[in-house]
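Notes follow once the structure below has been shown.
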Amino acid sequence: MSAHLFTYGTLELPEVFAAITGRKITGLAAKLPGYARYRLQGEVYPGIVAMPGESLQGTLYPDLDAAAHKKIDHYEDTCYEKREVTVQLDDGRELAALAYVIPDEKSRLLSSQRWDRQKFIEQHLENFLRYIR
Numbered sequence: 295m296s297a298h299l300f301t302y303g304t305l306e307l308p309e310v311f312a313a314i315t316g317r318k319i320t321g322l323a324a325k326l327p328g329y330a331r332y333r334l335q336g337e338v339y340p341g342i343v344a345m346p347g348e349s350l351q352g353t354l355y356p357d358l359d360a361a362a363h364k365k366i367d368h369y370e371d372t373c374y375e376k377r378e379v380t381v382q383l384d385d386g387r388e389l390a391a392l393a394y395v396i397p398d399e400k401s402r403l404l405s406s407q408r409w410d411r412q413k414f415i416e417q418h419l420e421n422f423l424r425y426i427r
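In terms of our numbering, the sequence shown has 396 at position 102, counting the first letter as 1, and numbering is strictly consecutive.
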């Protein structure tokens with residue numbers, strides 16, 4: 295069984311996705327309305343939380359098989375809840391996808407800082423890749 299996966303942090307980066315899944319896949323630009331992205335306290339990676347009126351850009355990996363999902367489940371922190379969300383593609387289509395979300399009862403794990411992808415790439419990506427390999 296395959297399912298779409300919406301990513302919004304480290305898994306958007308092709309080198310991280312390949313290190314985790316062993317696959318090079320080109321994702322699709324997608325927007326997730328109703329959520330905001332923050333850095334987790336004490337970490338260099340983000341989490342998202344439901345927040346009406348907000349939206350965030352991310353990457354949709356279409357039709358990932360069960361083996362890829364299992365590897366990603368193993369990679370993701372236990373603070374996340376995998377849930378179905380609705381994303382919007384650039385062409386206007388809306389698709390159901392799975393995403394790793396910080397549930398409301400764990401929102402205290404998020405810092406007040408928005409996660410900055412470029413800052414992560416410049417300051418943390420090299421060490422992060424060494425850590426996950």
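Beta carbons: idealized from backbone N, C-alpha and C, even for Gly.
Meets three-Cβ-pair contact criterion under 8 Å: the region 325-332 and the region 356-375: no
So, under 8 Å CB-CB, Tyr369 and Val395 are touching, yes? Tell me the CB distance rounded to an integer number of Å. The Cβ separation is near 16 Å, so there is no contact.
Whole runs of the alpha helix (DSSP H) within the region 323-385, excluding any shorter than 4 residues: 360-369
Is the beta carbon of Val343 closer than 8 Å to that of Ser405? no
Neighbourhood of Asp384 by C-beta distance below 6 Å, restricted to the same chain and skipping five residues each side: Closer than 6 Å at the Cβ level, and outside the excluded window around Asp384, lie Ala323.
Considering just the uninterrupted stretch of the beta strand (DSSP E) at Arg408, what are its terminal residues? Leu404 to Arg408
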